[in-house]
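S.K.: Okay, handing you the structure first.
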Amino acid sequence: MPAPPPGDALAAVVQEFLTSLYETHPTLAASLGLHDYDGRVPDLSERGRADRASALRGQAARAAAVPEAGLTRDARHDLTLLRLAVDEELFELESLRDFERTPLAYSGAIDVSNYVKRDYAPFERRVAALTEHLRQIPEVLATARATLRPPLPRPFVDTALDVYGGTVTYHEGELPAAVQASAPAEARSAFERANGAALAALRGFVQYLAEDLRPKAIPEFAIGEAQFRTMLRLGEMVDLDLDRLLEIGRRDLAENTQRLRAACEIAAPGMAVRDAIKRQSTDHPPADRLVDEAARVLDELRAFVGANGIVTIPSDVPARVEPTPPFLRWAFAMMDTAGPFEPSSESFYYVTPPEPGWTAAETEEWLTKFDYATLRDVGIHEVYPGHYVHFLHVREIGRPLRQVLTSYAFVEGWAHDCEQLMLERDFRPDDAALHIAQLSEALLRDVRFVAAIEMHTRGMAVEDAAKLFVDHAYLEALPAEKEAVRGTFDPGYLNYTLGKLMLRRLRDDVRAREGARFDLRAFHDALLALGAPPLPLARRTLLGDETGPLL
């Protein structure tokens, strides 16, 4: 029997991969907008993970057998994307083994917020799926207890205590309030029983974290140089020497430091940089106005993007601005976009307010990250033209593989680059505070870049990483500590700067090739039409095989 044409062979492997991905990760599938997977949780047991690894090895072999000769450029792009995704998931399962190292690996499987925050189906149907999901939370947490291998890294346990503690709060208050307001009596009763059992399991898990895991926790957390390099190679197609990467990161840090000093001298002549930033940081909304003020700047941003040919905004539906749910409050602000297959594009821009129990001093320290200029810069990153606009483009691609598989460096590099790009296109050109805010955020990402490599491959301690954020990103002690701790369980957060630098090089190279024909909006539209592939793959697809250096 003759072999199928290469395009047909690729289509078959892609479909096999996507179907098995959804079946293995039903909570991911549901979050993408595939609601046939509602009410299901992944099998995170040792047997389930072994079965997944076996399936991936089979898919890797079948993807390797697809001949590239005869494939279109788009098909070659998708084949590379598929091969990387299979290898990356195998690496995560068999080498990183996060299900054994961190309780955070289980938090996604128990997140039920999507059922109530998005109106994608009749409420009663969503509550039924929510209830079924809740019934399985005790089993997920029992699997976590059986799988985690103490002693665990202390930053992982401490962060898990915050995350699962916030989840308990959500299940005690916001979740039942949402259900009780609209669900019929019988559905409410079933929900309450399931939520009660889930709450008992969650409280027990928090107690387990605090009393069993926390006393035995250890300071060590690093994944090591070999795994760090593999993470970059499979996730981002970047295979540079880590000393070279450190050199690049430190150079960008130094350049942005000089730019920040110059901006501060314009805004506050003769004043030290830290004092200028501190003075600016006090110009923030009160805690009870933070969300409203964050929402106010978005109309201004949207109008500028549309009028200045930066990128097409494919929808008139705005992002909803809301306080960050308690279980997600490890970040200052974030976009929670709808899945690419959701019938509605309704998405949430979360801004994290101070915690109710904080002292006045702690509240003020937290709010220093939300001065009015920073609210504009963060709005650029998260919404216009950053993550939200990117998401709107992804919805329109029509190639599921590209809509599902994403590169960390592409996603965050795009949003981070938008911050600088908007100023380069003369958004509020006389706003010295905005220039300071943009450069402050750039320095924060530069320090993440350096800290990630230093912490995971060079033995840097959390305390020393926190000092980097204080000394070079001008953070106060509390946010600096949170940034350093994030780097322990998120070694890929160097990708903000890495992705930005690769994207800027790509845009410059396309501009140089096209000359007078170069159109910024057309370039960005073509780039986002690829989804969010590793940027070296985007280079190859947009520029051809002879693409030059990445950075």
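Residues 39 to 589, numbered by this note's numbering, are exactly what the sequence shown covers, in order.
For every residue, glycine included, the Cβ atom is placed at its ideal position computed from N, Cα and C.
So Ala470 and Ala301 are in contact, right, with Cβ under 8 Å, and what is the actual spacing, rounded?
M.R.: Right, the Cβ-Cβ distance comes to about 6 Å (below 8 Å), so this counts as a contact.
S.K.: Would Pro381 and Tyr158 qualify as a contact pair, given that the criterion is a beta-carbon distance under 8 Å?
M.R.: Yes; because the gap between Cβ atoms is below 8 Å, this pair is in contact.
S.K.: Taking the alpha-carbon positions, what's the Arg577 to His322 distance?
M.R.: Roughly 40 Å separates the two Cα atoms.
S.K.: Is it buried or exposed, Val112, if we count other Cβ atoms within 10 angstroms and call 16 or more buried?
M.R.: One point to set straight first is that residue 112 is Asp, not Val, in the sequence displayed. Under this definition Asp112 is an exposed residue.
S.K.: Sorted by chain position, which residues of the same chain lie with C-beta nearer than 8 Å to Ala314's C-beta, five sequence neighbours on each side aside?
M.R.: Hits under 8 Å: Cys302, Ala305, Ala306 and Ile474.
S.K.: Report the option in Arg121, Ala219 and Leu172 whose CA atom is closest to the CA atom of Phe161.
M.R.: For Phe161, the nearest C-alpha among the options comes from Ala219.
S.K.: I'd like the list of long-range same chain contacts for Ser58, defined as Cβ closer than 6 Å, with 5 residues on each side in sequence excluded.
M.R.: These residues qualify, in order along the chain: Ala93.
S.K.: Considering only residues of the same chain and omitting the five flanking positions on each side of Thr169, which have a CB-CB separation below 7 Å?
M.R.: Ala228, Phe229 and Ala232.
S.K.: Please report how far the alpha carbon of His425 lies from the alpha carbon of Trp452, in whole angstroms.
M.R.: Using only the alpha carbons, I get a separation of about 8 Å.
S.K.: What does DSSP give as the partner residue(s) for Val359 in the beta ladder?
M.R.: Answer by DSSP bridge pairing, in chain order: Tyr387.
S.K.: Would you identify the three-state DSSP class for Pro371, choosing helix, strand or coil?
M.R.: Position check: residue 371 holds Ala in this sequence, whereas Pro was assumed. Three-state result, Ala371: strand.
S.K.: Nearest-angstrom Cα distance between Gly242 and Asp250?
M.R.: Their backbone Cα atoms lie some 11 Å apart in a straight line.
S.K.: At which residues does the alpha helix (DSSP H) containing Ala550 begin and terminate?
M.R.: From DSSP, the alpha helix (DSSP H) with Ala550 extends over Asn533 to Glu552.
S.K.: Entirely within the region 434-509 and at least 4 residues each: give me those alpha helix (DSSP H) ranges in chain order.
M.R.: Those alpha helix (DSSP H) runs which fall completely within the region 434-509 and span 4+ residues are 438-442, 446-462 and 470-495.
S.K.: In chain order, what residues of the same chain lie with their CB nearer than 6 Å to the CB of Asn533, ignoring the 5 residues before and after it?
M.R.: The residues are Tyr446, Ala447 and Glu450.
S.K.: Measure the CB-CB distance between Leu472 and Ala376 and report whether it falls below 8 Å.
M.R.: No; because the gap between Cβ atoms is not below 8 Å, this pair is not in contact.
S.K.: Taking Ala332 as the reference, give the member of Thr295, Met373 and Pro587 with the closest Cα.
M.R.: When only C-alpha atoms are compared, the closest one is Met373.
S.K.: Roughly how many angstroms lie between the CA atoms of Leu588 and Arg545, to the nearest whole one?
M.R.: Distance between the alpha carbons of Leu588 and Arg545 is about 11 Å.
S.K.: So does the region 207-217 actually touch the region 279-287, counting three or more Cβ pairs closer than 8 Å?
M.R.: Short answer: they don't touch.
S.K.: Can you tell me whether DSSP reads Ala67 as helix, strand or coil?
M.R.: It is helical.
S.K.: Between Arg192 and the rest of its own chain, which residues show a CB-CB distance below 7 Å, the 5 nearest in sequence each way excluded?
M.R.: Same-chain partners within the cutoff: Ala255, Ile256 and Pro257.
S.K.: Sort out for me which residues DSSP pairs Ile256 with in a bridge.
M.R.: In the DSSP output, where bridge partners are listed per residue, Ile256 has Pro191.
S.K.: Report buried or exposed for Val355, applying the criterion of at least 16 other Cβ atoms within 10 angstroms of its Cβ.
M.R.: Burial call: exposed.
S.K.: Tell me whether Arg87 is buried or exposed, calling it buried when 16 or more other Cβ atoms sit within 10 Å of its Cβ.
M.R.: Arg87 comes out buried.
S.K.: Can a CB atom of chain C be found closer than 8 Å to the CB of Gly497?
M.R.: Among the chains of the structure shown, chain C does not appear; only one protein chain is present.
S.K.: Short of 6 Å in beta carbon distance, which residues of its chain neighbour Ala47, apart from the five on each side in sequence? Order them along the chain.
M.R.: If we look at Ala47 and ignore the five residues flanking it on each side, its Cβ neighbours are Val104.
S.K.: Just to confirm the assignment: which complete alpha helix (DSSP H) runs, minimum length 4, are found wholly within the region 107-194?
M.R.: Correct list: 111-129, 136-139, 152-155 and 161-185.
S.K.: Ignoring anything shorter than 4 residues or poking outside the region 316-356, list the alpha helix (DSSP H) runs there in chain order.
M.R.: As far as the region 316-356 is concerned, its whole alpha helix (DSSP H) runs of at least 4 residues are 328-345.
S.K.: Quick check: what's the CA-CA separation for Val79 versus Glu519?
M.R.: C-alpha separation (whole angstroms): 33 Å.
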